[in-house]
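Undergrad:
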Amino acid sequence: MPDTLKLIIFILAGISAFFALVREFKKPQKSVFLISFEFLVLIGVTWLITRVLG
């Protein structure tokens, strides 16, 4: 898979994880599991993007 396509997919996954975190924090009843999962996804995507760019 070309690096450009990987980068686009990772960026879209990161944006999705970010907005899912924002949406979860706005809820009155917060799910610790979902917050933890989305945070780990966001960290993983950030790491993968730095690997593709580096």
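Residues in the sequence shown are numbered consecutively from -12, following this note's numbering.
A virtual CB, placed ideally from N, CA and C, is assigned to each residue, including glycine.
This one's a predicted model, so the numbers in the text were calculated from it and none came from an experiment.
Does DSSP put Gly41 in a helix, a strand or coil?
TA: Here Gly41 sits in coil by DSSP.
Undergrad: In angstroms with no decimal places, state the Cα-to-Cα distance between Lys13 and Ile22.
TA: Spanning the two alpha carbons is a distance of roughly 11 Å.
Undergrad: For Val9, does the count of other Cβ atoms within 10 angstroms reach 16, so buried, or fall short, so exposed?
TA: By the neighbour-count rule (16 or more Cβ atoms within 10 Å), Val9 is not buried but exposed.
Undergrad: Could you tell me if Val32 is buried or exposed, where buried requires 16 or more neighbouring beta carbons within 10 angstroms of its beta carbon?
TA: Buried, by the Cβ-count rule.
Undergrad: Can you say whether Phe(-3) is buried or exposed, counting buried as having 16 or more other CB atoms within 10 angstroms of its CB?
TA: Buried, by the Cβ-count rule.
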